[in-house]
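Asks:
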Amino acid sequence: MTLDDETALRLAEEAVEMAGGARHVHGNPRHPFALNANSEVELEGHQILIRYGEASGPAVVEIDGYVFDIRPEGLIKLFGP
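Per the working numbering, the sequence shown runs over residues -6 to 74.
(1) Quick check: what's the CA-CA separation for E33 versus F26?
(2) Tell me where the beta strand (DSSP E) around D62 begins and ends.
(3) Just reading off the alpha helix (DSSP H) that E7 is part of, what are its end residues?
(4) How big is the Cα-Cα spacing for M47 and L4?
(5) Just to confirm the assignment, what range does the alpha helix (DSSP H) spanning R23 have?
(6) Based on DSSP bridge pairs, tell me the residues matched to N31.
(7) With distances taken between CB atoms, is the gap from H56 to L71 smaller than 9 Å?
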C-alpha cells in the first residue's frame, strides 16, 4: 500500500510516541554504535525505523521513503518519495 503524506506523518508520530515521545527521542542521544541506537516497529503493515539523535546527527524516523526530523515540538518532513 502506498502512503500519502498525511498517513506517513500519522504513522511516524504514532511510532515515535511508542518509543517515548518526541522529547524523549530527541533529548536522549545515543552513541552511534550502541545496540539501542535505533528502534524499529511495524504499524499497519509498514516498517518504521526510529534513529535516536546523536552528537553528529539528528533524530529521524523513516517510513516507506519518507524521512521526518524528530524535534521536541514534533515531526518535520525532510523528504518523501
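All C-beta atoms, glycine included, are put in the ideal place defined by N, C-alpha and C.
All values derive from a computational prediction rather than experimental measurement.
Replies: Checking against the coordinates, here is how it stands:
(1) 16 Å
(2) Y59 to R64
(3) D(-2) to M11
(4) A quick correction: the sequence has Glu, not Met, at residue 47. The alpha-carbon atoms of E47 and L4 are separated by roughly 23 Å.
(5) Counting along the chain, R23 falls outside any alpha helix (DSSP H), and DSSP gives it neither H nor E.
(6) R44
(7) According to the sequence provided, residue 56 is Ile. The question's His does not apply to it. Not a contact, by the Cβ cut-off of 9 Å.
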